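Step one of this worksheet: look at the structure below.
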Amino acid sequence: MLKGKGVSRGIGFGNIIVLKTEERNIEKKIMPAEKMEEELKKFNDALKSAIDETETQLQNISGKEAEIMEAYLMIMKDPSLVVETENAIKNLNYNAEYAVEVGFNSVIQVFENMDDEYMASRARDILDIKNKILGKLLNEETANISNLEPNTIIVTKELTTSETAKLNFKNVSGIITEIGGTNSHTSIMARTHSIPAITRVENATKIFRNGDSVAIDGMLGEIYLNPTEEEKQKLLVLKEQIQKETNELEQYRNMESKTKDGFKVELVANIGVPADVELALKNTAEGIGLLRSEFLYMDSETMPTEESQFDAYKKVAESLNGKNVIIRTLDIGGDKELKYLKLEKEANPFLGYRAIRLCLDNLKIFKTQLRAILRASNFGKLSIMFPMISSIEELRDAKNILEECKRELESENIPYDKNIKVGIMIEIPSAALISYKLAKECDFFSIGTNDLIQYTVAVERGNEKISKLYSKFHPAVIKLIKEAIDGAHSQNKFCGMCGEAAGDELYIPLLIGLGLDEFSMNSNNILKARKVVNNLCKKDCEQLSERILDMASAEEVENELKKFVNN
Ligand code: PEP
Ligand code: MG
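By numbering that gives the first Met the number 0, the letter at position 353 of the sequence shown is numbered 352, and the numbering carries on one by one without gaps.
Put into structure tokens, the structure is as follows:
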């Protein structure tokens, strides 16, 4: 059995098709000067044909896939992409194929060296475009992935954007890639289409052969090559179990989210970009509890304008059709960088110049965003949330700027929702500890456990070496959550949570017991979370939380929660 990282749950049986588009031997030729125009034409024809093909594909897709494809097409049409290739033909007299190889590789290298996750994924797109053009130049027959045999398991280094868009998902029963993470495009698409997927399978494209029979477990990341009858049976049982669970979750689709004794909560989604709304609504999100607006900034080559932000927020507001959308203002810094905003290197970025601190210090950036959100609030139900609030002064300052923006819009006769709600993230212990005061001056809280944990136990959230210490079960974290909820409720304000803990089946009973009103999570967890909530009794959860608040160690807390859930 082979093992990789499971990124999309499910069991898949089928036959392998290995997509190998990157291993070509491109011959270097120095062409006679009079052939230069011919080579240039060959290259431009191949580029045009690749663009035409992509445009045709785009007509057959919609939603998130279309958006990814549009961005991809924009790169293809960017004149700066081809300068190096054309120069290699004109100045070095290379044949078109070799010029593409060196020209595109130098662009790819520039992107890869930018040392930025977003840029790294653009480098993959450019590599993909290079392969597409080379395929045209070399008249290669590419595997026809839009016309796959039923029950195909795709094996590839990484499924590229253009390949993903071409895929006929109906016939795909699994995806195995050599690289990629939980949030790579392939993984997101696989989850969207409920296709089992496994990444980080070293040398997968060399190990497997076309036609191999395999069975995969997309949760455990296990791959069985030529599975035995026994292995097949084991996986079939699991497959049936998953199908049963999925079917069972369907009944929660149109239900309210409330406990057996009538405590109603809201199950809402965390999203990054407007395109994520589709998945949120598909999974019956009751609203958006966190729009991480920094993704709009990270997806852009320059600081997004008021107009482009307005368009994005308006789109989300309209798609949600009256359901609440909480837009968090720019939360940059820490582990999130903007390539076009040069910030000084800091010794402790997570304790540094980030989020609201940076916005209050760069009013042009802050006001541009606030004006865009306010203008979009006229088209749906939007709320504004400030991240990383550590003191009442920051909240007051941020609100003053917001008021200034409102006055500006009024003087310009631009409409906005006068009742727009303003909340804050509780993700710093100091804020949790003065929550009673903060709640008097805002409309809601959303607890950000991802950061709250790191600041409470002094463990950097991405540091693998000390990750054991990073625990949502630590009694101190739970006490701070309680402080935040009680603080909000003391002023009749609602308290939500948008950290990862909100979507954790084990943790939900504790949060219900503490009185949390709104749970914001990855869309894929919503139906399951509704099942959990609807099978709980608030009274039992309250007793559970009382017992837990009296505990001294994370281990005790975790065990108590496991005991409760398994009972
Ligand atoms: C959090 O800190 O819990 C949170 C939701 O914000 P982010 O993960 O974006 O820092
Ligand atoms: Mg945070």
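Glycine is no exception: its CB is placed at the ideal position from the N, C-alpha and C atoms.
Since we're looking at a predicted model, the values are computed, not measured.
Could you round the C-beta distance between residue i and residue j to whole angstroms and report it? I think they count as a contact, below 8 Å.
| i | j | result |
| --- | --- | --- |
| I74 | I153 | Their Cβ separation, rounded to whole angstroms, is 23 Å, which puts I74 and I153 out of contact at 8 Å. |
| S519 | A501 | 6 Å |
| C404 | K380 | So it is not a contact: roughly 19 Å between Cβ atoms. |
| L437 | G486 | 7 Å |
| L526 | T283 | 7 Å |
| L1 | L224 | 7 Å |
| I425 | I446 | 5 Å |
| L57 | L80 | Wrong, their Cβ atoms sit about 18 Å apart, outside the cutoff. |
| I25 | E96 | 5 Å |
| E317 | A371 | E317 to A371, Cβ: 15 Å. No contact. |
| I364 | L329 | 7 Å |
Could you pull the DSSP bridge partners for residue i from this structure?
| i | result |
| --- | --- |
| I197 | G5 and I175 |
| C494 | F444 |
| S519 | V267 |
| V213 | G13 and L224 |
| S489 | Answer is none; S489 lacks a bridge partner. |
| Y93 | I29 |
| N606 | Only positions 0 to 566 of the chain appear in this structure, which leaves residue 606 out of reach. |
| V154 | V17 and I175 |
| K257 | K263 |
| G422 | M384 and F443 |
| K335 | G332 |
| R291 | R327 |
Taking Cβ to Cβ, would you say residue i is nearer than 8 Å to residue j?
| i | j | result |
| --- | --- | --- |
| V267 | E285 | yes |
| V6 | I270 | no |
| G288 | I325 | yes |
| L535 | L509 | no |
| Y415 | S382 | no |
| G479 | A431 | The question names Gly, but residue 479 in the sequence shown is Leu. Result yes, Cβ atoms of L479 and A431 sit closer than 8 Å. |
| N94 | K28 | yes |
| K231 | A203 | no |
| K338 | M35 | no |
| K471 | D442 | no |
| I477 | L548 | yes |
| T151 | N170 | yes |
| I331 | R353 | yes |
| I16 | L166 | no |
| I144 | A122 | no |
| I400 | L340 | no |
| I88 | E52 | no |
| R291 | K4 | no |
| S256 | N533 | yes |
| S172 | G13 | yes |
| K41 | Y251 | no |
| L359 | D396 | yes |
| M496 | T448 | yes |
| A32 | N90 | no |
| A483 | S434 | yes |
| T258 | I511 | yes |
| V315 | V276 | yes |
Keeping to the same chain, check which residues put their C-beta closer than 7 Å to that of residue i; ignore five residues upstream and five downstream.
| i | result |
| --- | --- |
| A45 | I132, K135 and L136 |
| K570 | For the chain, the structure presents residues 0 to 566; residue 570 sits outside this window and is missing. |
| K156 | E21, T176, E177, I178 and T204 |
| R190 | S7 and N523 |
| P303 | L295 and Y296 |
| F103 | T84, I125 and K129 |
| M113 | K338 |
Sorted by chain position, which residues of the same chain lie with C-beta nearer than 8 Å to residue i's C-beta, five sequence neighbours on each side aside?
| i | result |
| --- | --- |
| I427 | M387, I388, S389, D450, L451 and Y454 |
| I10 | P195, A214, I215, D216, G217, L234, L235, L237, K238 and I241 |
| Y506 | K471, A500 and L560 |
| E461 | The residue you asked about is not Glu; residue 461 is Gly in the sequence shown. Excluding sequence neighbours, G461 sits near D334. |
Leaving aside the five residues before and after residue i along the sequence, list all residues of the same chain whose C-beta is less than 6 Å from its C-beta, in chain order.
| i | result |
| --- | --- |
| E66 | A274 |
| E504 | V531 |
| V101 | A87 |
Nearest chain C C-beta to residue i closer than 8 Å, yes or no?
| i | result |
| --- | --- |
| F207 | The displayed structure is made up of one protein chain only, and chain C is not part of it. |
In chain order, what residues place their C-beta within less than 5 Å of a heavy atom belonging to ligand 2?
-> E426, G447 and D450
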